[in-house]
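Taking it in order: structure first as structure tokens, then the write-up.
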Amino acid sequence: MAKTVSLVLGSGGARGMTHVGVIRWLEENDYVIKSISGCSMGALIGGFYAAGKLDTYVDWLCELNVIDMLQLLDFKGSGGLVSGEILMKKLTELIGDHQIEDLDMKYTAIAADVTAEKEIWLNKGSLIEAIRASISLPLFFVPYHLNSRDLIDGGVLNPVPIAPTFNDETDLTIAVNLGGSVDPAYDKVVDLDDGSTSQKIVSYLKSIASPEFFTERKSMYKIADQSFDAMQGTIARMKLSAYPPDVEIEFPRNLCGTLEFTRAREMIDHGYKTCKEVLGES
36 MAKTVSLVLG SGGARGMTHV GVIRWLEEND YVIKSISGCS MGALIGGFYA
86 AGKLDTYVDW LCELNVIDML QLLDFKGSGG LVSGEILMKK LTELIGDHQI
136 EDLDMKYTAI AADVTAEKEI WLNKGSLIEA IRASISLPLF FVPYHLNSRD
186 LIDGGVLNPV PIAPTFNDET DLTIAVNLGG SVDPAYDKVV DLDDGSTSQK
236 IVSYLKSIAS PEFFTERKSM YKIADQSFDA MQGTIARMKL SAYPPDVEIE
286 FPRNLCGTLE FTRAREMIDH GYKTCKEVLG ES
């Protein structure tokens, strides 16, 4: 008999592609997702799934190379490196125009209002706007102005948003935490000058920020990225301890870099395999 699921999808940048693998395993094994609560990349993946466009997004993303991705980023923001306008135009083309109230399942995206120091639940109105607000990674994306608030990435306050599922009438709450403890097996330094990207890309990055911002081994970007991940990991542990889900699927926060979306297929496979390991015998 099918089990109904409230699925909580955490924040974590490119690690969020593991969410796709989790969803695919659940669908193949008689679980029916009735509710999604997502933060940042979890809000994006969850939103595309709720709109019936997840495969469209995955197919598009997996065809991109690093240069394609850079062309989606308009480095002209105020309050962040990237305004997000080009990226969101493309995502809107992929997902279409949806109102959250019209989706076939309950959906909540989490953003943060740092001025008011509170998390914001976006569970009505434009789906694509809710996604844009939730993915507003500090320093990288410009905050998104919505409903008279300047909103940033919900992971700042609640990287694994379980609370929106409390009143769901489902059999299981499954939380996917992308902020697990560092696993030395995945701990590696990515140096943009070591041949991992083309020199053309490195030159472009240097042209829109100081060379040290991206390319030094202990760059400002890397320190900020590690600090944000550490903060989210600590908050996630506290949230999950206070409100434990029925099932937690955890991924180490150093599984891949926040912006390593060229590893999407690898992350999807990893998510599928891990979900199978956690739930396959239940």
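Everything in the sequence shown is counted per the working numbering, starting at 36 for the first residue and increasing by one. Note that the Cβ used here is the ideal one computed from N, Cα and C, for glycine as well. Computed from a predicted structure; not experimentally measured.
Please list, in chain order, all residues of the same chain as A78 whose beta carbon is under 6 Å from its beta carbon, the five residues on each side excluded. If we look at A78 and ignore the five residues flanking it on each side, its Cβ neighbours are A144, I166, S169.
By DSSP, does H180 sit in helix, in strand, or in coil? strand
If I209 sits next to V43, beta carbons under 8 Å apart, how far is it from one beta carbon to the other, in whole angstroms? 7 Å
Per the DSSP calculation, L44 is bridged to which residue(s)? G73, V211
Below 7 Å between beta carbons: does that hold for N100 and V217? no
Does the distance from the C-beta atom of I155 to that of A146 stay below 7 Å? yes
Rounded to whole angstroms, what is the Cα-Cα separation between K69 and N158? The straight-line gap from Cα to Cα measures roughly 14 Å.
Return helix, strand or coil for P219, following the three-state DSSP convention. helix
In this structure, does DSSP put T143 in helix, strand or coil? strand
Thinking C-alpha only, which one of D137, K311, R272, S161 is nearest I197? R272
Compute the beta-carbon to beta-carbon distance between G47 and G214, rounded to the nearest angstrom, for a pair I have assumed lies under 8 Å. 6 Å
Exposed or buried, which one is Q234 when buried takes at least 16 other CB atoms within 10 Å? Confidence is the limiting factor: at Q234 the pLDDT is only 46, short of 50, which leaves the residue's position unreliable and the question unanswerable from this model.
Residue environment, A220, which counts as buried when at least 16 other CB atoms sit within 10 Å: exposed
Out of D148, L174, N202, M266, which one is the CA nearest neighbour of V11? Only positions 36 to 317 of the chain appear in this structure, which leaves residue 11 out of reach.
Helix, strand or coil, according to DSSP, for T297 in the structure here? helix
Nearest candidate by alpha-carbon position, reference V177, set N212, G114, L207: G114
Just to confirm, is the Cβ distance from T53 to M266 under 7 Å? no
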